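S.K.: Before anything else, here's the structure in question.
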Amino acid sequence: MKNRKKIKNKALQKGLEKVVKLAENEIDADIKVSVHDLTTGEIASVNGKKFGWAASIIKVPVMVSALKEIYDGDLSLKTKLPINHEFLLEHTDYVSGLPLGTKLSVAELIYHMMVTSDNEATNILADYIGGPQTINKTMRELGMKKSMLGHLLCSGVPRYTSKINPDGSNITTPDDMVKVMRHIYDPNFSKLAEPIRKAADRFFSFTSPSFLDFGGFKKKNIKAKVGHISDHDDGSDIHEVGIINNDLIVCMMANKVKTSFLGSIFGGPTLSRYDFGDDFRDDFDDEDLMYWRNDGLATSESFSSLSPFSIKKSDQKSSGDYQSCDTKPRKGWLNLWQDRASRGTDVYDVYFNLMKTIKDHYDLQRDL
9 MKNRKKIKNK ALQKGLEKVV KLAENEIDAD IKVSVHDLTT GEIASVNGKK
59 FGWAASIIKV PVMVSALKEI YDGDLSLKTK LPINHEFLLE HTDYVSGLPL
109 GTKLSVAELI YHMMVTSDNE ATNILADYIG GPQTINKTMR ELGMKKSMLG
159 HLLCSGVPRY TSKINPDGSN ITTPDDMVKV MRHIYDPNFS KLAEPIRKAA
209 DRFFSFTSPS FLDFGGFKKK NIKAKVGHIS DHDDGSDIHE VGIINNDLIV
259 CMMANKVKTS FLGSIFGGPT LSRYDFGDDF RDDFDDEDLM YWRNDGLATS
309 ESFSSLSPFS IKKSDQKSSG DYQSCDTKPR KGWLNLWQDR ASRGTDVYDV
359 YFNLMKTIKD HYDLQRDL
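Residues in the sequence shown are numbered from 9 upward in steps of one, following this note's numbering.
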């Protein structure tokens with residue numbers, strides 16, 4: 009891929025600004041979006057330099073940091089790390105349901121961090137490679153100037169602060185998240201070695217979008233990381249970052265969402281149910297630094313019945329009524345109650361309009 013100079017797409021910029029302005033008049037939330045077309049070099053960003061709580065999209069630089077440690081020879085994807093529940097956030101994660109003393113490979117931990125967004129897997133990895141300080145160093149090296157991992161993803165742990173982050177939160181911006189994705193997918197821009205980029209893409213290939221397919225892009229061509237946290241006082245934070253067709257990077261962030269239909273879904277019984285199947289049974293190239301083999305990790309028996317990402321419908325019987333959904337469970341599909349007439353405008357609608365605007369301009373550029 010040829011390294012292209014960044015060019016602001018004025019038409020796309022105007023379209024995104026219109027969607028964000030209308031959204032801010034309809035819902036109480038801070039909406040941000042950043043787009044980078046690797047093929048044309050065109051960019052657009054609305055509030056893209058403004059930071060907010062990062063939620064689980066911060067796990068992308070955590071993954072990159074871990075892969076850098078492997079490349080440097082300090083770690084291996086086959087290295088087994090003990091599960092000690094020292095950094096436990098919730099009991100619904102797969103890793104949190106494992107018996108004390110169980111060991112998982114670094115590859116398994118990265119997989120659960122990226123695909124099921126497992127917080128304890130993230131904490132074990134982050135702590136092992138040096139904690140927030142190591143990950144913040146990586147982000148600085150990658151030019152993520154307004155991003156910071158202030159603490160591990162649990163309570164009762166040390167917090168690291170800075171001038172822009174005085175309370176030690178986990179923060180990022182859409183522009184910064186687009187930048188880390190460029191380091192993975194744009195070899196002419198990246199400061200990362202090829203084995204790191206290949207491994208990061210391999211883990212991304214197991215993911216499925218929650219929002220980036222809203223505007224008409226095909227789900228199968230999207231690799232994405234979603235993030236969501238909810239705070240009683242500040243509201244919800246609902247984000248997604250990913251790459252479409254391996255050449256269009258998009259990050260959407262909605263911070264401080266006071267009333268959110270999507271927030272209730274993320275915290276409710278209809279979380280995504282992923283069919284992992286045999287997709288995770290794969291090899292890295294023998295000559296690749298990060299060679300390893302999975303031995304049946306992605307069987308249904310491997311996933312805790314407490315996990316909201318379980319692939320077995322029966323696991324969730326006590327948690328909610330699946331008949332409330334108007335769509336049948338599909339691979340990687342976020343099932344949503346579609347009572348849109350009664351709930352009014354929501355982040356769901358905003359993200360749909362943003363992605364529809366992006367898709368229209370993307371198609372136009374490819375037709376020229």
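Virtual Cβ for every residue (Gly too), placed ideally from N, Cα, C. If you're wondering where the values come from, they're calculated on a predicted model, not measured in any experiment.
Assign A262 to one of three DSSP states: helix, strand, or coil.
M.R.: In this structure, A262 counts as strand in the three-state DSSP scheme.
S.K.: According to DSSP, is A134 helix, strand or coil?
M.R.: Three-state DSSP puts A134 in a helix.
S.K.: From this set, F59, S177, L150, Q21, which residue's C-alpha is nearest L157's C-alpha?
M.R.: Measuring from the Cα of L157, the nearest candidate turns out to be S177.
S.K.: Is it right to say T181 is buried, meaning 16 or more other beta carbons lie within 10 angstroms of its own, or is it exposed?
M.R.: Classification of T181: buried, given that the 10 Å Cβ count is 16 or more.
S.K.: Using the Cβ count rule (16 or more neighbours within 10 Å means buried), how would you classify D239?
M.R.: Per the 10 Å Cβ criterion, exposed.
S.K.: Measure the C-alpha to C-alpha separation of K377 and N263 and round it to an integer number of angstroms.
M.R.: Since the first and last residues shown for the chain are 9 and 376, residue 377 lies out of range.
S.K.: So, for L20: in the same chain, excluding its five sequence neighbours on each side, which residues have a beta-carbon less than 8 Å away from its beta-carbon?
M.R.: Excluding residues within five positions, the ones whose Cβ falls inside 8 Å are V43, E50, A52, T365, I366, H369.
S.K.: Does the stretch 119–126 come close enough to the stretch 211–222 to have 3 or more Cβ pairs within less than 8 Å?
M.R.: The answer is yes - the stretch 211–222 touches the stretch 119–126, with three or more Cβ pairs under 8 Å.
S.K.: For I252, which of T169, F219, Y168, S170 has the nearest alpha-carbon?
M.R.: Of T169, F219, Y168, S170, the residue nearest in Cα terms is F219.
S.K.: Hey, out of P69, E202, N92, whose CA is closest to K154's CA?
M.R.: It is P69 whose Cα lies nearest to the Cα of K154.
S.K.: So, V265 versus G243, is the Cβ gap smaller than 7 Å?
M.R.: Cβ atoms of V265 and G243: closer than 7 Å.
S.K.: Whole angstroms is fine: what's the gap from K29's alpha carbon to K58's?
M.R.: If you take the alpha carbons of K29 and K58, they lie about 15 Å apart.
S.K.: Take D375 and list the residues in its own chain whose beta-carbon comes closer than 7 Å to its own, dropping the five residues that flank it on each side.
M.R.: Here the set comprises nothing.
S.K.: Mind checking T142: buried by the 16 CB within 10 Å criterion, or exposed?
M.R.: Looking at its Cβ environment, which holds 16 or more other Cβ atoms inside 10 Å, T142 is buried.
S.K.: Name the DSSP bridge partner or partners of N178?
M.R.: Looking at the DSSP assignment, N178 forms a beta bridge with L157.
S.K.: Closest by CA to H159, which one among K206, A207, A62?
M.R.: Measuring from the Cα of H159, the nearest candidate turns out to be A62.
S.K.: Could you tell me the distance, in whole angstroms, from the CA atom of S73 to the CA atom of D82?
M.R.: Cα-Cα distance, rounded: 12 Å.
S.K.: Below 8 Å, how does it come out for the stretch 79–98 and the stretch 181–190: are there three or more Cβ pairs, yes or no?
M.R.: Counting Cβ pairs under 8 Å, fewer than three are found: no touch.
S.K.: Going by the beta-carbon positions, is the gap between I65 and K233 smaller than 7 Å?
M.R.: Yes, the Cβ-Cβ distance between I65 and K233 is below 7 Å.
S.K.: As a quick exercise: from D135, K22, L150, pick the residue whose alpha carbon is nearest that of P166.
M.R.: If we check each option's Cα against that of P166, D135 comes out closest.
S.K.: On a CA-only basis, which of G56, D184, T47, D36 is nearest E25? Give me that one, please.
M.R.: Residue G56 is the option with its Cα nearest to E25.
S.K.: Let me check understanding here. Comparing Cα to Cα, which of P203, D354, K88, S163 lies closest to N33?
M.R.: Selected option, being the one with the closest Cα: D354.
S.K.: Quick check on the burial criterion: 16 or more other C-beta atoms within 10 angstroms. Buried or exposed for D221?
M.R.: That one is buried.
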